[in-house]
Each structure stands twice: as C-alpha cells, then as structure tokens.
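>
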Amino acid sequence: MYERQAIGGRGYGALATSPIKAGTLVLRSNSVAAIPLDPRITCAYCFTPSSLRCSRCKFLHYCSRRCQQADWFMHGAECKYIANYNSNHENGPKPTPTVLLVARLLRVPNPPKSSEYAHNLELHSLDAIACYRDMSELVLQILSASRFIHSYSIHDIVLLFAMLNCNAFTVSTLELVPVGIGFYPRATLFNHSCLPNCIATFDGRNIEVRTLCHIELGQELTISYIELIQTRATRQKELASSYFFNCTCLRCQGLNNWVEKEEWLSALRCQDTCCKGLVKPNIATNFFGCGNCGALRDSHDINLMEHQMDSAIAMSNSAERLNKLPEAISHRCQAMSIAKRLYNPLHAKYISNAETLANLIMSTKNSESLDSKQVTIAIEMFQEALNGLSWLYGDILVPMKGLTTLKYARTLYQNSPKQKQNAMENIKEACCLLTITHGENSFLVKQAVDMLHEMQR
C-alpha cells in the first residue's frame, strides 16, 4: 500500500503505491522494546491494569503469569539491578522508564543503530545532553549487573537516548490514556503533519496506523506527533523543541480556511457577553481590543486570570494523582469557570479544558461520588467539546472526534433517559467514526454496537 521514498527536505516518508480508502489498516507492528510509564499499575508486557508483582525486584507488575513469562527475556536481565536498588537506595540512581527502555533496546538481537534514525544530537541543549550522559552511565550499570557482554560506549548510548527522543512512541490505551513508551521502527517512517491523513492507535503493545480519509496514489501518509487542539505557535514550539523541525503542512501555512481557525483558537472573548467578536492583543498597548465592538481588556487582568486558571489545573492534576477525585473535579470546575470568562468557545484551551473536565467527572474512579449535578456538568462539557472539535476537525479529521462522541453518548444513555434519541444518534455516529480510527473489530466499536443494541430493545 505504501513504500519508503525520499521526500525533499524531509528525509524519507511513506508514499502510497495505490489509492487507499478511509479506515484502512496500513500498519500493525509490535514494539522492539517497550516499558510502562507507571510499573506499579500497568502490566509491563501487555499494558493492561496489573496486580501481580515481580517477587524479586518488586518493581515491575504484570496482569498474569503468562505476561510475566513473556517479558522475562527482557526483564530478567534488569531485575537484579532493580532489586539491589530497592534493597539499598544508596546503591545507585533510580531506573526511570526511559532508562529501562534503552537498556532493553541494547539487549535485543538486532539493536537499533542511531545512524539509521534521526537523532539531532547537535540540536539538543547542553543540559539535555548532560542528562543523557548521566542516564547512559546508569544503563551501563544495569548491563553490568546483568553480566551482559557488550562494547557500547557512553557516546553510543547518548546517541540512542537522542534518537528515542525523536522516534519513540507514547503507548496509550484505546481511550488515549498514556500508559507506556516503546520503539516501533516501522512506524518511524510516518512523518508528522498538523493535518494528518492517518492516525496511530495501540492494541496492547501493538501499534496500528489507519487512514483517516481517502489517500491518492503517490500521496504521503502522515500522522500527528503532538496534540492537535493547539494554536500554530504552540504546535511549532513543541515540534521545534522535541523533534527539531518546523511543520509546513497546509494548516501551518494557513491555506484554505486555517488562518481564520487559528485566530479563533487563540483569541479571547469580548467582555460584553452579547458581543460575538474576537479579542486580540494590540502590540502598541497593554490592552486587548475586540475586533467587533472595540471593547478593551487589560493585559494585566488577562494574565492574572490565566495564572489563576493554570493554578487550578495544577491543583486538580495533583489531587487526581492522589485519587482525590471530588477535589480534582472541584478545581477543574474552577478552571473551566475562568476559561468561560476568558476565552471564546473555540479557543484551544476552552475546548481541551471542557473535554478534560467531562472525562474526569465520568471516569471510573469517580463512579462512587457521581451525582446528578456532576452529570449535568459533564453533558454540557461534552457538548462544548464536540462543538469545538467538529468545527476544528471539519470533514478531513472528523473521525478523530469518535472517542469523545462515544463518551458523550454513553453519558446520555446511562444518566439521562429523556435524551435516549440523542444518545442513539451519537452512538451511531461514534460507531462509524471509531470503525475508521480503530477498526471494526476494536473493543470500542464492539462496545458501541452493544450499547446501540441495548437502546433499541
């Protein structure tokens, strides 16, 4: 369906060798090596919730003996070092997921060569390189503890860390919750676009790449390396700092209607609630002026509100990590209240905050505390998020709102009987969209179909 070809100014990429219809699985590949982000709660092999702890190192966890046995080829060598660390913290620095990933990569039969992948070491900051050196020394300690015979130097391993910075993938659940990091050589061929025509999802430790729309013969297949609900400036900054390139896709060039959309993604709302104009900064003053009615907003007040919102989000995240869901939801509600006064409904932060709040309220962890007031807030936030996503994604990226549509439909079905018809319409749409992004045999699609059948009884 595609082949590796040189692309001017962009190295190599995946070009279609024939027309490809939307929803086609163009790649399914297992990782060369992968490791969970939080080994305490995630199976180190299949990345599902875990309950079985390695009895020796007491660090990695597994969902079953089968997964533990399957991972032993990798974990057996690192287990001794981790066990020594846990028994005596002064024995060495803590092995992070990235360190363990590199140590695993060096022990595979055919380890990746940094020369075969972009690493851009010369573009990394001196602090980053120094950090890579410290982590490389730790990797050598792990290899030594496992009595692994090798000829790797500190510089060899530093290059590998730099390469992974540009080429590793964040492994996520079907609902896009990050659970691990892994190296997938075949998937590194897909270049980035802020207007991608493919999407990468994960089924356990396998990466799957599917087309979002029809692909023409000779067209490049692209995925997104970053969150797309961001302004052009934010996206370019993240790409430059993490991947060392500037995106020149149609969206970033401002072609078609993307100039107008980028304005909405970054503009504030007018203080006059009856006005629908956009408020943009005036470089010559400290005020932001509405392009419709001319009303001004003081930059000091805006900065203060953004600081208050960021503080509320930080407190929410902290409370969530401690499993204090009511507290986390309360802080998120405060942040959303500020966002409503500060941003227009199509602002990037407004859309992302609305979806995050809805997801937090309807999460499994909050099921025991869920009440009718919270459900009402969640429904409103899902609606706000979907309005923003539908506007942002348009016809090209519309399948990417499938997961949010499913969550919205599920919330309506389980908590608002009067909106059964609305729930059915959204679940039908979710089925179509998720079939494109995740495949017709995906657990999410099966879940949506089962829900639809229950509604139709």
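Counting from 1, position 334 in the sequence shown corresponds to residue 334 in the UniProt record's numbering; the numbering is continuous, with no gaps. Note that the Cβ used here is the ideal one computed from N, Cα and C, for glycine as well.
Cα separation between asparagine 317 and isoleucine 181?
Each residue's alpha carbon lies about 21 Å from the other.
> Please list, in chain order, all residues of the same chain as alanine 385 whose beta carbon is under 7 Å from its beta carbon, the five residues on each side excluded.
If we look at alanine 385 and ignore the five residues flanking it on each side, its Cβ neighbours are Ile351, Ala354, Glu355, Ala358 and Thr404.
> Considering glutamate 320, what are the terminal residues of the alpha helix (DSSP H) in which it resides?
First-last of the alpha helix (DSSP H) with glutamate 320: 299-321.
> Cutting at 6 Å between CB atoms, please list the residues of its own chain near glutamate 440, excluding the five before and the five after it.
Answer for glutamate 440: no residue qualifies.
> Tell me, which residues are paired with valine 171 by DSSP?
For valine 171, which the question treats as bridged, DSSP gives the partners Gly180.
> Just to check my reading of the structure: residue 467 and leucine 106 have Cβ atoms closer than 8 Å, yes? What is that Cβ distance to the nearest angstrom?
This structure cannot settle anything about residue 467, because the visible part of the chain is limited to 1 through 457.
> By a C-beta neighbour count over all protein chains shown, 10 Å radius and 16 as the cutoff for buried, is asparagine 165 buried or exposed?
The residue is buried, with at least 16 neighbouring Cβ atoms inside 10 Å.
> In whole angstroms, what separates the C-alpha of cysteine 333 from that of methionine 315?
Cysteine 333 and methionine 315: Cα-Cα distance of roughly 11 Å.
> Assess contact between the segment 395-410 and the segment 429-437, defined as three or more Cβ pairs (one per stretch) separated by less than 8 Å. Is contact present?
Yes, since at least three Cβ pairs between the segment 395-410 and the segment 429-437 fall closer than 8 Å, the two stretches touch.
> Among Cys198, His438 and Asn206, which residue has its Cα nearest to the Cα of tyrosine 184?
Comparing Cα-Cα distances from tyrosine 184 to each of Cys198, His438 and Asn206, the minimum goes to Asn206.
> Across which residues does DSSP place phenylalanine 202 in a beta bridge pair?
According to DSSP, which records beta bridges pairwise, phenylalanine 202 is partnered with Ile207.
> Look at glutamine 14 and phenylalanine 169 and say whether their C-beta atoms are less than 8 Å apart.
It should be pointed out that residue 14 corresponds to alanine in this sequence rather than to glutamine. For alanine 14 and phenylalanine 169, no; Cβs fall outside 8 Å.
> Could you check how far apart the C-beta atoms of asparagine 110 and alanine 162 are, in whole angstroms? I think they sit under 8 Å.
Contact doesn't hold; Cβ gap of about 20 Å is too wide.
> Of all the beta strand (DSSP E) runs that stay within the bounds of the segment 101-182, which reach a length of 3 or more residues?
Runs found: 169-172.
> Taking all protein chains shown into account, do 16 or more other C-beta atoms lie within 10 angstroms of the C-beta of asparagine 426, making it buried, or fewer, making it exposed?
The residue in question, asparagine 426, is buried, as its Cβ has 16 or more Cβ neighbours within 10 Å.
> Using three-state DSSP, classify isoleucine 338 as helix, strand or coil.
Three-state result, isoleucine 338: helix.
> Evaluate histidine 124 with the Cβ neighbour count: other Cβ atoms within 10 Å of its Cβ, from every protein chain shown; 16 or more gives buried, anything less gives exposed.
Answer is buried; the Cβ neighbour count reaches 16.
> Note down, one range per segment and in chain order, each alpha helix (DSSP H) of at least 4 residues found wholly within the segment 220-296.
232-242, 250-253 and 258-266, all fully within the segment 220-296.
> State yes or no: is the C-beta of proline 399 within less than 8 Å of the C-beta of leucine 255?
For proline 399 and leucine 255, no; Cβs fall outside 8 Å.
> Where do the ends of the alpha helix (DSSP H) carrying tyrosine 408 lie?
Note, tyrosine 408: alpha helix (DSSP H), 402-415.
> How about cysteine 43 and cysteine 67: do their beta carbons lie closer than 8 Å?
Yes, they are a contact pair.
> Please report the straight-line C-alpha distance between glutamine 456 and leucine 444, rounded to a whole angstrom.
About 19 Å.
> Taking C-beta to C-beta, are valine 375 and asparagine 422 nearer than 8 Å?
No, the pair does not count as a contact, with Cβ atoms beyond the cut-off.
> Report yes if the CB atom of alanine 22 is closer than 8 Å to the CB atom of isoleucine 436, and no otherwise.
Yes; because the gap between Cβ atoms is below 8 Å, this pair is in contact.
> What does DSSP give as the partner residue(s) for leucine 217 in the beta ladder?
According to DSSP, leucine 217 bridges with nothing at all.
> Closer than 8 Å is the cut-off here; do at least three beta carbon pairs connect the segment 261-268 with the segment 228-243?
Flag = yes, the segment 261-268 and the segment 228-243 touch.
> Going by alpha carbons, who is nearest to lysine 94 out of Asp127, Gly277 and Met135?
With distances taken between Cα atoms, lysine 94 lies closest to Met135.
> Quick check on proline 39: does DSSP put it in helix, strand or coil?
Coil, per DSSP.
> On the DSSP letters alone, give me the boundaries of the beta strand (DSSP E) that glutamine 5 sits inside.
First-last of the beta strand (DSSP E) with glutamine 5: 2-6.
> Looking at C-alpha atoms only, which residue of Glu227, Asp156 and Glu122 is the closest neighbour of tyrosine 393?
Taking only the C-alpha atoms, the option nearest tyrosine 393 is Glu227.
> Compute the Euclidean distance between the alpha carbons of valine 32 and asparagine 84, then round it to the nearest angstrom.
For valine 32 and asparagine 84, the distance between alpha carbons rounds to 26 Å.
> Taking 8 Å as the threshold (C-beta atoms), are isoleucine 199 and proline 19 in contact?
No.
> So is alanine 322 buried or exposed if we call it buried at 16+ other beta carbons inside 10 Å?
Checking the displayed sequence, the identity of residue 322 turns out to be leucine instead of alanine. Answer is exposed; the Cβ neighbour count stays below 16.
> Reducing DSSP to helix, strand and coil, say where serine 442 ends up.
Looking at serine 442 - three-state DSSP - the assignment turns out to be coil, as it is neither helix nor strand.
> Shortest alpha-carbon distance to glutamate 320 belongs to which of Met305, Lys365 and Ala335?
Of Met305, Lys365 and Ala335, the residue nearest in Cα terms is Lys365.
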